[in-house]
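Its first residue numbered 208, the sequence shown is counted upward by one per residue in the numbering used here.
We treat Cβ as the ideally placed atom computed from N, Cα and C, and that holds for glycine.
To start, the structure itself, in structure tokens.
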Amino acid sequence: MFKKVRKAVIPAAGLGVRFLPATKALPKEMLPIVDQPGIQYIIEEAVESGVQDILIVTGRNKRAIEDHFDRSLELEQHLTEKGKEDLLQLVRRIADIAEICYVRQKQPLGLGHAVYCARQFIGYEPFAVLLGDDIVRSRVPCLRQLKDLYAEVGCSVIAVMEVPPEDVGKYGIIDAEQVRPGVYRIVDLVEKPKPEEAPSRLAIIGRYIIEPQVMDILEGTSPGAGGEIQLTDALRVLCRERPMYALAFEGRRYDVGDKLGYLKAVVEFALEREDLGGEFREYLRALCAHKATS
């Protein structure tokens, strides 16, 4: 009988240098996708996938994340006095969305180290990792898809997607054997390979279910690509010791850690809103028509 995946880790200690100067004082995870911080979409995905115990790994200048998921009594009182019941319920729901704990990564030593900071929270259970730079919209939440495969195979499962050859150097890439459409048995993993050396075009995307043995491996993992402790390097060792699978998930992924990816998410999410979509679509059409003739 496999242990259930009850806990999730969300690394959120990065400096967000690609969005400077906006992220000088504002955590990149708090940048809004229309009117909701990106990290809230990540937590909602975890909750919708049946995971309620969440640890956010933070760093300096990340207090806004904790404040967002805490109660705001002054705001609630103001909304009550103004009779804005819909907004009152909205802000209360955010505070009650899940059981959220925090731990600080005191030095920016990489994703692997950030995950290692969660070792006491995890104990000896399989756990999920969700990266805040990746928002996935799908009929079945991406993490739920991974949990379903984990329930079948009983070992670590990683989300992957095919990327163009020129982009493989931006990702961890898997070498794998296809088990059935969309499901792969991983043979090896490599972090940010040169295009000509990449074993495939299947890139690791920011969703994982990982067995707890990875913590022992991370403890002895040396810095790798970029001088950081890479989670991919630890998974590579784990892969040699235990079976590991990859899932080409169903859904649309937005890289909101990239400026263009962030803009795509804002536009597409806005277009889907009942309160904004129609008017915003007309604005975009008029703007495109104006640009085409100017």
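Neighbour-count burial assignment, residue i, 16 or more Cβ in a 10 Å radius
i: V224; result: exposed
i: R346; result: exposed
i: Q327; result: exposed
i: D440; result: buried
i: R414; result: buried
i: V375; result: buried
i: V367; result: buried
i: L350; result: buried
i: T428; result: buried
i: T287; result: exposed
i: A499; result: exposed
i: C495; result: exposed
Supposed close pair residue i, residue j - CB separation, criterion 8 angstroms
i: G319; j: I217; result: The Cβ separation is near 15 angstroms, so there is no contact.
i: I246; j: E255; result: Actually they are not in contact, since the Cβ atoms of I246 and E255 sit about 15 angstroms apart, beyond 8 angstroms.
i: L445; j: V421; result: 5 angstroms
i: I416; j: V364; result: 5 angstroms
i: K210; j: P348; result: No, K210 and P348 are not in contact; Cβ-Cβ is about 20 angstroms, not under 8 angstroms.
i: N268; j: P228; result: Contact flag wrong, Cβ pair sits at about 13 angstroms.
i: H275; j: P244; result: 6 angstroms
Candidates the options: closest to residue i by CA position
i: V473; options: S429, I342, E418; result: I342
i: P372; options: I263, K399, V390, D395; result: K399
i: I307; options: P333, V258, G290, C349; result: V258
i: D242; options: L262, E292, A215, V298; result: V298
i: S407; options: I393, Y415, I417; result: I393
i: P388; options: A305, E457, V264, A499; result: E457
i: P402; options: D462, S429, V370, I261; result: V370
i: P315; options: L353, H275, Y391, L222; result: L222
i: V196; options: K471, A219, K498, L467; result: Outside the shown range of the chain, which is 208 to 501, sits residue 196, and nothing can be said about it.
i: V463; options: A229, I240, V212; result: I240
i: R447; options: A383, V390, D465; result: A383
i: R300; options: Y461, D277, T230, R311; result: D277
i: C324; options: A358, L425, K231, A232; result: L425
i: Q352; options: Y452, K498, A499; result: Y452
i: P430; options: G266, E489, G317; result: G317
i: D423; options: I329, Y461, E475; result: I329
Beta carbon of residue i nearer than 7 angstroms to that of residue j
i: G484; j: L491; result: no
i: Y331; j: P450; result: no
i: L356; j: L454; result: yes
i: G339; j: I249; result: yes
i: A271; j: A215; result: no
i: L470; j: V322; result: no
i: R344; j: R459; result: yes
i: I261; j: A305; result: yes
i: V212; j: K377; result: no
i: E281; j: Y309; result: no
beta-carbon residue i near the ligand MN non-hydrogen atom, thresh 6 angstroms
i: Q247; result: The ligand MN is absent from the structure shown, which contains no ligands of any kind.
Enumerate, from N- to C-terminal direction, the unbroken beta strand (DSSP E) stretches of 3 or more residues contained entirely within the region 298–365.
Within the region 298–365, the runs of beta strand (DSSP E) that reach at least 3 residues and sit entirely inside it are, in chain order, 306–311, 334–337, 341–344.
Would you list, in sequence order, the uninterrupted beta strand (DSSP E) runs of no fewer than 3 residues that lie entirely inside the region 363–439?
Here the runs fully enclosed are 363–369, 379–387, 390–398, 409–417.
Entirely within the region 260–288 and at least 3 residues each: give me those beta strand (DSSP E) ranges in chain order.
If only uninterrupted beta strand (DSSP E) runs of at least 3 residues are considered, those enclosed by the region 260–288 are 260–265.
What residue ranges within the region 430–488 form continuous alpha helix (DSSP H) runs of no fewer than 4 residues, ordered along the chain?
Complete alpha helix (DSSP H) runs here, min 4: 438–448, 466–478.
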